[in-house]
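Student: Numbering (my numbering), first residue to last: 147 to 599.
Beta carbons are placed, not taken as given, at the ideal position from N, Cα and C, and that holds for glycine.
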Amino acid sequence: MAALPSSSRSLGCFIRGGTQCRRGFAGAARSYIGCSSAPSTSESSSMRTREQHSQQRPRQSSSIANIHRRYYHRSSAPSKKSWDPSLDEYKYWNREESKHGEASYVLDMSPESIQREARILCLADERDDADGPLTDRSTSKLPFGSRLLHVGTTPDDFPDSLVGENPNVLFVSPSCPHARLQLPLILHKFPTLEWIHVRSAGIDFLESDELPRVTKRGIVMTNAKGQFSSSLAEYAMMACSYFAKDVPRLLKQKGAKVWDDFDIEELRGKTMGIVGYGDIGRATAKLASVYGMRVVALRRNPDKSELDMVCDEVYGTGKLSLQKLMSISDYVVCSAPSTVETRGMVDADAFRASKKNQVFINLGRGPVVDEEALVSSLKDGTLRGAALDVFATEPLPADHELWDIENVLISPHNMDKTATFMHEATEFFVNENLPRFILGDTLLNPVDATRGY
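1) Could you compute how far the alpha carbon of GLN201 sits from the alpha carbon of ASP350?
2) I'd like to know whether the C-beta atoms of ARG345 and ALA325 end up nearer to each other than 8 Å.
3) Give the DSSP bridge partners of MET367, in chain order.
4) Can you give me the Cβ contacts of VAL521 inside the same chain, cut-off strictly under 6 Å, excluding the 5 residues immediately before and after it?
5) Given a threshold of 16 other Cβ atoms within 10 Å of its Cβ, counted over all protein chains shown, does MET455 qualify as buried or as exposed?
6) Which two residues bound the contiguous beta strand (DSSP E) that contains ALA532?
7) Would a C-beta distance cut-off of 8 Å place LEU453 and GLY422 closer than the cut-off?
8) Going by the CB atoms, is the gap between GLU263 and SER292 shorter than 8 Å?
9) Three or more C-beta pairs under 8 Å: does that hold for the region 304-316 against the region 330-338?
10) What do you reckon, are the CB atoms on THR299 and ASP271 nearer than 8 Å?
11) Run through DSSP, which three-state label would GLY170 get?
12) What is the DSSP secondary structure of HIS334, reduced to helix, strand or coil?
13) Which term fits GLU540, buried or exposed, when burial requires 16 or more other beta carbons within 10 angstroms of its beta carbon?
14) Identify the residues that DSSP records as bridge partners of MET418: which are they?
15) Going by Cα to Cα distance, which pick from MET383, SER321 and ASP275 is closest to ALA434?
16) Using the rule of at least 16 other Cβ atoms within 10 Å of the residue's Cβ for burial, across every protein chain shown, is PRO323 buried or exposed?
17) If you follow the beta strand (DSSP E) that GLY298 is in, where does it begin and where does it stop?
18) Alpha carbon to alpha carbon, how far is GLY364 from GLU340?
19) Classify ASN462: buried if its beta carbon has 16 or more other beta carbons within 10 angstroms, exposed otherwise.
20) Whole angstroms is fine: what's the gap from PHE171's alpha carbon to GLU570's?
21) Can you name, in chain order, every residue of its own chain whose Cβ lies under 8 Å from the Cβ of LYS525, other than the five neighbours on each side?
22) Hey, could you find the ends of the beta strand (DSSP E) LEU524 is sitting in?
23) Which one of TYR388, GLN399, LEU397 and GLY401 has the shortest CA to CA distance from GLU412?
24) Based on DSSP bridge pairs, tell me the residues matched to CYS268.
25) Using 8 Å as the threshold, is the C-beta distance between VAL536 and ARG511 below it?
26) Leaving aside the five residues before and after ALA148 along the sequence, list all residues of the same chain whose C-beta is less than 8 Å from its C-beta, in chain order.
27) Do ASP392 and ILE410 have their beta-carbon atoms positioned less than 8 Å apart in this structure?
28) Under 8 Å, do PRO289 and PRO592 count as touching if we go by C-beta distance?
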């Protein structure tokens, strides 16, 4: 596979700064490195107009740039402040709450703020349309100061000559077959890599004995956390209502053309327990609080939720904490990641501690739940029902007992699968984190490769 061409315009003159840099910025900052398409006639005309305008009013342009540099405090220290101090405490992205495009704006306004060039390798199936914002040369608009060097699924797909390009960024897509085997080989072949970005929120598809060494080598890893939370939170509330309003009975009565009223349940005043209070858990808690539910949660560091306005109580991790949460919750939402520590965490002891008529909802990862214990709890009436979007084995085998249990709502791991969800995850990399890397700023959504989340 041939390497993707880079822009013919040199990055060097912009890093050097000076009058030439500012005078050429209007057009150059939009001829994104890694894009092969040239500006249209109308775009070129517009660029010339902007350039003439900037030459006529140099003081105003300089003033604008200085205004934005005032909010961007450049520093090489890991603890440096960003232009948004609120993110220093919580460096995670949320599609609904986070400010969009701030780093891109700083990069556009002050190209001389560039600290380093991003030279990108993409470990993905080249046919994966969701990677388009990065890989589609006809439509992608990479930030100024970045180049996409190559796309492939195995080390052999990446020519040896690329070693001389000193690639420093690796974008990993779930579309790469056997990615957990390929990643260590890519890291060995290209020792200059500094940052790995994973297009999904979960990194369990990369898990191997080699993965913890990423942290030891000083390589930063980030993910797409915060892109899928709202759709999964909506699913969680739908699942609660499914049982509270007895939707299965409604469907049966409609099919039989029977008019038979019955009592339903309010969600207001009920308790929702959330196992794994990350971005998905908090998005669910926000909706649950609007419904008037009480929210309790389980997370590794309870102190981080001390001032959380949507969570009434937070427990630390451990079997006793989980059992306490299960014992007081009418609805339990499991959104924990799959790691060595969390696999099988919701076990028979946890289900035995469940509050009477509890509904269990799993939208995180299947292996976190002991499915045999779950099936037993559904059959013996310990649980009123379950809504499951994830399973230990996917696709769920046709002979699995869960298919035949009437009070189980099953979805094929698609409750966050909007038409654009993965495309948006790639856009987050291109528009939010990539500019931060180029500016030398702290990256959003850091992942501890040792812990697996």
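Tutor: Put simply:
1) For the purposes of this step, residue 201 is identified with residue 55 of the sequence shown, where counting begins at 1. For the purposes of this step, residue 350 is identified with residue 204 of the sequence shown, where counting begins at 1. Caution applies to GLN201, whose pLDDT of 44 falls short of 50 and renders its modelled position unreliable; the model cannot decide the point.
2) To locate residue 345, count along the sequence shown from 1; it is residue 199. To locate residue 325, count along the sequence shown from 1; it is residue 179. No. Outside cutoff.
3) Along the sequence shown, one-based indexing puts residue 367 at 221. Answer by DSSP bridge pairing, in chain order: ILE342.
4) In the sequence shown, residue 521 corresponds to position 375, counting from 1. Result list for VAL521: GLU547, in chain order.
5) Here residue 455 is taken as the residue at index 309 of the sequence shown, counted from 1. Exposed, by the Cβ-count rule.
6) The sequence position of residue 532 within the sequence shown is 386, counting from 1. Per DSSP, ALA532 belongs to the beta strand (DSSP E) from 529-534.
7) To locate residue 453, count along the sequence shown from 1; it is residue 307. To locate residue 422, count along the sequence shown from 1; it is residue 276. For LEU453 and GLY422, no; Cβs fall outside 8 Å.
8) Residue 292 sits at position 146 when you count from the first residue of the sequence shown. Residue 263 sits at position 117 when you count from the first residue of the sequence shown. Result yes, Cβ atoms of SER292 and GLU263 sit closer than 8 Å.
9) Touching, yes, given that three or more Cβ pairs across the two stretches are closer than 8 Å.
10) What you label residue 299 is simply residue 153 of the sequence shown in a count that begins at 1. What you label residue 271 is simply residue 125 of the sequence shown in a count that begins at 1. Judged by beta-carbon spacing, ASP271 lies within the 8 Å limit of THR299, meaning their Cβ atoms are closer than that value.
11) The residue labelled residue 170 in the question sits at position 24 within the sequence shown. With a pLDDT of only 32 at GLY170, under 50, the local geometry of the prediction cannot be trusted, and no value is derived from it.
12) Mapped onto the sequence shown, residue 334 falls at position 188. Note: HIS334 maps to helix in three-state DSSP.
13) The residue given as residue 540 occupies position 394 in the sequence shown. By the neighbour-count rule (16 or more Cβ atoms within 10 Å), GLU540 is not buried but exposed.
14) One-based indexing of the sequence shown puts residue 418 at position 272. Per DSSP, VAL441 and TYR477.
15) The sequence position of residue 434 within the sequence shown is 288, counting from 1. Nearest option by C-alpha distance: MET383.
16) Position 177 of the sequence shown, counted from the start, is the residue given in the question as residue 323. Exposed, by the Cβ-count rule.
17) As a first step, residue 298 is located in the sequence shown; it is residue number 152 there, counting from the start. Unbroken beta strand (DSSP E) run through GLY298: 292-298.
18) Within the sequence shown, residue 364 is the residue found at index 218, counting from 1. Within the sequence shown, residue 340 is the residue found at index 194, counting from 1. So the alpha carbons of these two residues sit roughly 7 Å apart.
19) By one-based count along the sequence shown, residue 462 stands at place 316. Contrary to the premise, residue 462 reads as Gly rather than Asn in this sequence. Answer is exposed; the Cβ neighbour count stays below 16.
20) Here the question's residue 171 lines up with position 25 in the sequence shown. Here the question's residue 570 lines up with position 424 in the sequence shown. Low confidence applies to PHE171: its pLDDT is 30, below 50, so where it sits in the model is not reliable enough to give any reading.
21) Taking the sequence shown and counting its residues from 1, the one referred to as residue 525 is at position 379. Hits under 8 Å: ILE551.
22) As a working note, residue 524 is residue 378 in the sequence shown. DSSP places LEU524 outside any beta strand (DSSP E); the residue lies instead in the alpha helix (DSSP H), whose first and last residues are 517-525.
23) In the sequence shown, the residue the question calls residue 412 occupies position 266. Checked all of TYR388, GLN399, LEU397 and GLY401; the closest Cα to GLU412 is TYR388.
24) Position 122 of the sequence shown, counting from 1, holds the residue named residue 268. Answer is VAL297 and PHE317.
25) Here residue 536 is taken as the residue at index 390 of the sequence shown, counted from 1. Here residue 511 is taken as the residue at index 365 of the sequence shown, counted from 1. Contact flag set, yes.
26) On the sequence shown, position 2 is the one that residue 148 refers to. Confidence in ALA148 is poor, its pLDDT being 44 and thus under 50, which makes the residue's placement unreliable; the coordinate value appears in the next sentence. Counting only Cβ-Cβ distances below 8 Å, and skipping sequence neighbours, we find nothing.
27) Your numbering for residue 410 matches position 264 in the sequence shown. Your numbering for residue 392 matches position 246 in the sequence shown. It is a contact, given that the beta carbons lie within the stated cut-off.
28) In the sequence shown, the residue the question calls residue 289 occupies position 143. In the sequence shown, the residue the question calls residue 592 occupies position 446. No, these two residues do not count as a Cβ contact at 8 Å.
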